[in-house]
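Numbering (the working numbering), first residue to last: 163 to 593.
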């Protein structure tokens with residue numbers, strides 16, 4: 163299973179979104195049956211129990227909002243009713259709302275379904291109309307293939323409040339690396355379009371494109387301007403490892419893809435062949451999440467096997483996440499770097515709870531859920547299937563992981579080419 167995350171700050175070949183596709187034959191047509199079908203999916207798959215009457219009342223509220231009818235005409239369904247009776251009453255409410263003719267029946271069903279899911283107050287669980295769901299299925303199947311240049315970007319404002327796009331990572335063996343792009347280069351233009359005051363998601367869209375297509379960049383590096391024409395290609399995210407100081411291993415994990423745990427072990431063994439590893443900096447800034455099994459494997463690099471470092475809440479209950487694989491560095495000083503785009507929060511909170519690591523940088527993204535897509539009679543829905551919490555049930559979703567030492571990485575720092583967070587980690591390690 164994977165952590166769900168849209169990698170809006172990465173110019174990658176595909177967005178890092180985890181999808182579990184499942185076709186469910188739960189009815190036909192965009193009428194009240196659509197709402198009932200969505201309710202059934204939640205009852206069978208949502209990560210925690212749901213109250214069907216409360217959810218149906220969310221749909222009734224959607225009917226009221228869509229038709230401007232009051233609660234005297236479309237009252238809530240009484241709490242505590244048997245589900246079958248509550249569904250029957252909802253169908254009556256839907257028929258009454260449909261009689262107003264203020265919206266086509268199909269649109270009324272879409273609205274009621276959306277507002278029922280909104281009732282969960284879970285932004286990751288949402289309805290997709292048929293057009294949106296068809297597009298999502300194309301992406302899932304790889305029918306829409308995008309490529310990038312291999313950079314992670316972020317937007318930062320200068321002292322005058324002007325936003326700029328900076329490269330914060332250049333991926334190994336990427337087109338960007340081959341073209342000579344460097345960390346903290348500022349991207350001024352993409353294909354002639356200025357990026358001034360543009361957000362990272364929109365800038366990332368400009369950097370992505372079809373494999374083999376060319377993108378032209380204007381960059382600012384220090385006081386000089388550079389231009390680069392780069393051919394887009396699919397990007398393979400592999401961990402980066404190097405000795406940043408004698409005895410200090412720096413390990414950057416961009417995404418927990420299949421095989422990441424063993425790639426990390428191979429990289430650390432190669433570094434250990436150069437000399438003893440006396441400390442490790444684990445850089446999870448901008449990490450896009452990924453396979454839970456690979457997070458378990460990476461946790462096992464630093465923790466004894468079977469150590470519980472997080473828990474997963476799912477429909478059937480709660481399961482522990484345990485460290486797996488060979489432990490290579492069980493006791494050397496360890497610092498984890500975090501920022502607001504970091505999604506590997508289960509491993510962060512687990513390493514800290516085990517008194518194995520200090521966290522330095524900025525609060526993490528606060529995305530603890532993973533989910534899947536399900537087909538409905540009309541369109542589909544994305545549902546949170548599980549939620550990661552800390553080993554003692556510390557919440558992650560919405561809360562994020564607060565670092566032990568907060569250190570910002572500002573626009574001024576990047577202009578100067580200074581990684582204040584890495585510097586703070588090295589000071590903490592004392593090397």
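All C-beta atoms, glycine included, are put in the ideal place defined by N, C-alpha and C.
Buried versus exposed, by CB contacts within 10 Å (16 or more), residue i
{"i": "residue 451", "result": "buried"}
{"i": "residue 414", "result": "buried"}
{"i": "residue 461", "result": "buried"}
{"i": "residue 313", "result": "buried"}
{"i": "residue 553", "result": "buried"}
{"i": "residue 305", "result": "Because residue 305 carries a pLDDT of 45, less than 50, the predicted location of this residue cannot be relied on, and the following value inherits that uncertainty. Counting Cβ neighbours within 10 Å, residue 305 comes out exposed, since fewer than 16 surround it."}
{"i": "residue 342", "result": "exposed"}
{"i": "residue 517", "result": "exposed"}
{"i": "residue 247", "result": "exposed"}
{"i": "residue 488", "result": "exposed"}
{"i": "residue 385", "result": "exposed"}
{"i": "residue 407", "result": "exposed"}
{"i": "residue 277", "result": "buried"}
{"i": "residue 203", "result": "buried"}
{"i": "residue 353", "result": "exposed"}
{"i": "residue 586", "result": "buried"}
{"i": "residue 337", "result": "buried"}
{"i": "residue 324", "result": "exposed"}
Test item: CB-CB of residue i and residue j under 9 Å
{"i": "residue 467", "j": "residue 482", "result": "no"}
{"i": "residue 242", "j": "residue 215", "result": "yes"}
{"i": "residue 594", "j": "residue 221", "result": "Beyond the ends of the chain as shown, which are 163 and 593, falls residue 594; an answer cannot be given."}
{"i": "residue 521", "j": "residue 497", "result": "yes"}
{"i": "residue 565", "j": "residue 523", "result": "yes"}
{"i": "residue 225", "j": "residue 231", "result": "yes"}
{"i": "residue 271", "j": "residue 322", "result": "no"}
{"i": "residue 526", "j": "residue 507", "result": "yes"}
{"i": "residue 416", "j": "residue 402", "result": "yes"}
{"i": "residue 431", "j": "residue 379", "result": "no"}
{"i": "residue 562", "j": "residue 502", "result": "yes"}
{"i": "residue 284", "j": "residue 546", "result": "yes"}
{"i": "residue 530", "j": "residue 557", "result": "yes"}
{"i": "residue 256", "j": "residue 274", "result": "yes"}
{"i": "residue 543", "j": "residue 559", "result": "no"}
{"i": "residue 366", "j": "residue 309", "result": "no"}
{"i": "residue 394", "j": "residue 410", "result": "no"}
Simplified DSSP state of residue i, which is helix, strand or coil
{"i": "residue 357", "result": "coil"}
{"i": "residue 465", "result": "coil"}
{"i": "residue 477", "result": "coil"}
{"i": "residue 250", "result": "helix"}
{"i": "residue 605", "result": "As displayed, the chain neither begins before 163 nor continues past 593, which places residue 605 out of reach and without an answer."}
{"i": "residue 379", "result": "strand"}
{"i": "residue 440", "result": "coil"}
{"i": "residue 452", "result": "strand"}
{"i": "residue 395", "result": "strand"}
{"i": "residue 214", "result": "helix"}
{"i": "residue 205", "result": "helix"}
{"i": "residue 170", "result": "In this prediction, residue 170 scores a pLDDT of 24, lower than 50, which makes its location untrustworthy; the coordinate-derived value is nonetheless stated afterwards. Coil, per DSSP."}
{"i": "residue 267", "result": "helix"}
{"i": "residue 237", "result": "coil"}
{"i": "residue 364", "result": "helix"}
{"i": "residue 488", "result": "coil"}
{"i": "residue 503", "result": "coil"}
{"i": "residue 274", "result": "helix"}
{"i": "residue 243", "result": "coil"}
{"i": "residue 230", "result": "coil"}
{"i": "residue 429", "result": "helix"}
{"i": "residue 435", "result": "coil"}
{"i": "residue 259", "result": "helix"}
{"i": "residue 192", "result": "coil"}
{"i": "residue 187", "result": "Annotation note: pLDDT 41 at residue 187 (below 50); position unreliable, coordinate value reported separately. Residue state, collapsed to three classes: coil."}
{"i": "residue 423", "result": "helix"}
Paired residues, beta bridge with residue i - DSSP
{"i": "residue 404", "result": "412"}
{"i": "residue 482", "result": "473"}
{"i": "residue 389", "result": "380"}
{"i": "residue 497", "result": "443, 520"}
{"i": "residue 371", "result": "309"}
Cβ-heavy atom distance, residue i to the ligand ATP, below 8 Å
{"i": "residue 207", "result": "Only the bare structure without any ligand can be found here, which leaves the ligand ATP out of the picture."}
> Residue ranges of each beta strand (DSSP E) run of no fewer than 3 residues wholly in the segment 508-591, ordered along the chain?
Replying inline: Listed in chain order, the complete beta strand (DSSP E) runs (minimum 3 residues) inside the segment 508-591 are 520-523, 531-537, 542-551.
>> In chain order, what are the residue ranges of uninterrupted beta strand (DSSP E) at least 3 long that sit wholly in the segment 277-352?
In response: Positions of the beta strand (DSSP E) runs, each at least 3 residues long and wholly inside the segment 277-352, are given as 288-290, 313-319, 325-332, 348-352 in order along the chain.
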